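A quick write-up on the structure given underneath.
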Amino acid sequence: MAQILVMDTSSIIHYLHYYRFDKFHSKEIYNKLNSFIYRKITEGKIHIIDKVYDELQDRLETAEIKRIIHPHKKSTLDLLPEVQELIEKYKILGIVRTLASEELELELTKYENTIADLFLVAYCKKLRSQGHQPILINDETRKSDRKFIAKIPTICIAEEIRFEKIPDVLFEIYKDELEFSLDKNLLLR
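So the sequence shown is residues 367 to 555, counted in this note's numbering.
Right, here's the structure in full:
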């Protein structure tokens, strides 16, 4: 079974923050790491769903990744029924009870239309049903933040979906491919 990494929005935006390199080589290493991630996206080994793409704001630091992702983003149009089931299964009743009916409707609409979290889980379930081994790349902790729906790690545990933080999984899966050397001539400039 092929392992496929499915990245969430914060992992795309912040993955370079996880890697601390010495100050003399960091730019070159970051560029190589960026190129590596971009290559894996174009090869179909890292998947980005349309909802994650939509969550990426149009900012200078996301322009290049959005350009690369755009032709490769994975559609989630077929996943709404699964997402609706996940909402029912993982809504936090203590918080639901505190919401007025209008607030509840607004929250439901956000989770059904714009928030990527449950679409990521549904997409991983779809990949698994197709014989793949999805790994959801996510930065969240299980600590409650008073959201309407349980956190992604909690849902992944219940749904038996592997989830990891990006620095752990990249070097586990792609260790041999992530070995690269520094060009000393570039460093002397």
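From the three backbone atoms N, C-alpha and C, an ideal C-beta is built for every residue, glycine too. Since the structure is predicted, the reported quantities are computational estimates derived from the model, not experimental observations.
Item: CB-CB under 7 Å to Leu552, same chain, minus the five flanking residues each way: which ones, in chain order?; Value: Residue confidence for Leu552 is low, a pLDDT of 48 falling below 50, so the modelled location carries little weight; the figure read from the coordinates is stated next. Cβ within range, chain order: Glu394.
Item: Where does the unbroken alpha helix (DSSP H) through Ile523 begin, and where does it stop?; Value: Ile518 to Glu525
Item: Could you please give me the residues that DSSP links to Pro533 through a beta bridge?; Value: Its beta-bridge partners do not exist; DSSP assigns none.
Item: Considering only the alpha carbon of each residue, which of Arg405, Lys406 and Glu430 lies closest to Ile379?; Value: Glu430
Item: Which class does Leu544 belong to by DSSP, given the choice of helix, strand or coil?; Value: coil
Item: What is the C-beta distance between Leu422 and Ile453, in whole angstroms, given that I count them as a contact (C-beta under 8 Å)?; Value: Rounded, the Cβ-Cβ distance is 23 Å, inconsistent with contact.
Item: For Val372, list the residues DSSP reports as bridge partners.; Value: His413 and Leu502
Item: For Tyr419 and Lys432, what's the separation of their Cα atoms in angstroms?; Value: 7 Å
Item: How would you call His436, buried or exposed, if buried means at least 16 neighbouring beta carbons within 10 angstroms?; Value: exposed
Item: Based on the DSSP secondary-structure assignment, which residues constitute the bridge partners of Arg528?; Value: Ile501
Item: Comparing alpha-carbon positions, which option in Leu446, Cys490 and Phe514 lies nearest Val471?; Value: It should be noted that the sequence gives Glu, not Val, for residue 471. Cα-wise, what sits closest to Glu471 is Phe514.
Item: May I have the straight-line CA-CA distance separating Thr480 from His438, to the nearest angstrom?; Value: 19 Å
Item: Just how far apart, CA to CA, sit Leu486 and Ile503?; Value: 10 Å
Item: Tell me the DSSP secondary structure of Thr440 in three-state form.; Value: It should be pointed out that residue 440 corresponds to Lys in this sequence rather than to Thr. Here Lys440 sits in strand by DSSP.
Item: Of all the options Glu427, Ser467 and Arg528, which has the alpha carbon lying nearest to the alpha carbon of Ser376?; Value: Glu427
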